[in-house]
Amino acid sequence: MIITVAPQTETRYHSFPASLGRDAGVTPLSHSQKKFRDAQARAMIRLSMLGAVDLRGAEDSDLHTVMAQPKRLALLAYLAAATRRAFHSRDTLLALLWPDLDQEHARAALRQALYILRGALGNGVLVTCGDGVIGLDHARLWCDVTTFDQAIDAGNPAEALALYGGEFLAGFHVSGAREFERWLDAERARLAARAATAAWVLTDCEERQGNLIGALDWARRLLALDPDDERALRRVVVLLDRLGDRMAALRVYREFTRRIAADYAMAPAPETEALISAIRSPVCPTVRAEATHTIMSPVAMSPVAGRIRGH
3 MIITVAPQTE
13 TRYHSFPASL
23 GRDAGVTPLS
33 HSQKKFRDAQ
43 ARAMIRLSML
53 GAVDLRGAED
63 SDLHTVMAQP
73 KRLALLAYLA
83 AATRRAFHSR
93 DTLLALLWPD
103 LDQEHARAAL
113 RQALYILRGA
123 LGNGVLVTCG
133 DGVIGLDHAR
143 LWCDVTTFDQ
153 AIDAGNPAEA
163 LALYGGEFLA
173 GFHVSGAREF
183 ERWLDAERAR
193 LAARAATAAW
203 VLTDCEERQG
213 NLIGALDWAR
223 RLLALDPDDE
233 RALRRVVVLL
243 DRLGDRMAAL
253 RVYREFTRRI
263 AADYAMAPAP
273 ETEALISAIR
283 SPVCPTVRAE
293 ATHTIMSPVA
303 MSPVAGRIRG
313 H
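Numbering (the numbering used here), first residue to last: 3 to 313.
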């Protein structure tokens, strides 16, 4: 994912597409959003890892030497995206990526990886403090994971979701590096959870403002983030029903039901079935209100995912 930055503009378009009955809105860039964009424009290197992995240097040069070897990319990814964005000891990096080598050969492998990274990234991007610790100059390397976290922390969920192109380091794997794989799995789960929470927040915000079409846009994004999350499914179904498109609501439900039956040999949760029964009922506002009451919390575990883990 390459994001084109236009420093001269002071407006941005919403990240979600225009919907029937609503044009894409234009809103002023907040101070934090301008800060994020300016940081990207100033950076020598741009590293994207949410969805398709991409590494770009000056004048959009593609850094093949880093991307060609999994452990080089893994080392850069860890230095860029590890939650404590500071210096990391060489011993930590050795245990993370070369656990099966003896000390001498592991240190030689790390030195070689650092040498190639320095040559590819340019002066000043990799920073060392003595012989023991290694870090990155984040002013010289822009990373979508870092910016995503900053946007969430600054209260800009839409800006964060504009960066979330998919699973962190999707499809990436480093054989023989169990600790790195554990970190990678945990980071994927953490970022996916933050993206889902951001989508819930935006759905709630649009719905509170009476913009049901906008709420539906974000609810669909929420369901796309985790297709097994029945809370998200119910949110989409309820919003479609409230917009008067009962047929679309039932179609979304049927597609979900067919998929989980095929993939997991499972049926929807009782809360989902109660909601669908209420929607199919000609007049039953009380039952419908009770059925939709359970969909509002973004914290609870996905029913399908929870039941699958329980087997």
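Backbone N, C-alpha and C fix where the C-beta goes; we use that ideal spot for every residue, glycine too. None of these values were measured; they are calculated from a predicted model.
Tell me which residues share the same chain as ASP243 and place their Cβ nearer than 6 Å to its Cβ, disregarding the 5 neighbours each side in the sequence.
So the qualifying residues of the chain are ALA251 and ILE281.
Look up ASP56 in the DSSP assignment and give the residues it is bridged to.
SER50
Grouping DSSP H, G and I as helix and E and B as strand, with all else coil, what is TRP100?
coil
Would the beta-carbon of VAL176 fall within 7 Å of that of ALA271?
no
Roughly how far, in whole angstroms, is the beta-carbon of VAL254 from the beta-carbon of VAL240, given that I think they are within contact range, below 8 Å?
Their Cβ separation, rounded to whole angstroms, is 11 Å, which puts VAL254 and VAL240 out of contact at 8 Å.
To the nearest angstrom, how far is the alpha carbon of ARG223 from that of ALA201?
7 Å
Start and end of the beta strand (DSSP E) containing VAL254?
If you look at VAL254, you'll find it isn't in any beta strand (DSSP E); it sits in the alpha helix (DSSP H) that goes 248-266.
Decide if the region 132-152 is in contact with the region 44-53; the criterion is three or more beta carbon pairs, one per stretch, under 8 Å apart.
yes
Name the residue from THR67, ASP230 and LEU245 whose alpha carbon lies nearest to the alpha carbon of THR274.
ASP230
Once DSSP output is grouped into helix, strand and coil, what is the label at HIS175?
coil
In the DSSP assignment, find the beta strand (DSSP E) that holds LEU138 and state where it starts and stops.
135-138
Leaving aside the five residues before and after ALA162 along the sequence, list all residues of the same chain whose C-beta is less than 6 Å from its C-beta, in chain order.
PHE150, ALA153, ILE154 and ALA200
In terms of residue numbering, what span does the alpha helix (DSSP H) encompassing VAL239 cover?
232-244
For SER279, tell me which candidate among MET268, ALA267 and ARG256 has the shortest Cα-Cα distance.
For the residues MET268, ALA267 and ARG256, the minimum Cα distance to SER279 belongs to ARG256.
Since ARG58 contacts ALA115 with CB under 8 Å, what's their CB separation in whole angstroms?
Actually they do not touch by this definition, with Cβ atoms about 20 Å apart.
Using only the alpha-carbon positions, how far apart do ALA264 and ARG192 sit?
28 Å
If you draw a straight line from the C-alpha of HIS295 to the C-alpha of ARG261, how long is it?
Note that HIS295 scores 48 on pLDDT, short of 50, meaning its location in the model is unreliable; the coordinates nonetheless yield the value given after this. Taking the straight line from one Cα to the other gives about 25 Å.
What do you reckon, are the CB atoms on ALA122 and LEU65 nearer than 7 Å?
yes
Look at the alpha carbon of ARG92 and the alpha carbon of GLU183, and state the distance between them as a whole number of angstroms.
18 Å
Does the beta-carbon of ALA198 have 16 or more other beta-carbons within 10 angstroms, so that it is buried, or is it exposed?
buried
Would you please state the rounded distance, in angstroms, between the beta carbons of ALA372 and LEU138? I believe it to be under 8 Å.
With the chain represented from 3 up to 313, any question about residue 372 goes unanswered, as that position is not in the structure.
Does the Cβ-Cβ distance between ARG236 and LEU277 come in under 7 Å?
With respect to the 7 Å criterion, ARG236 and LEU277 are classified as neighbours on the basis of their beta carbons.
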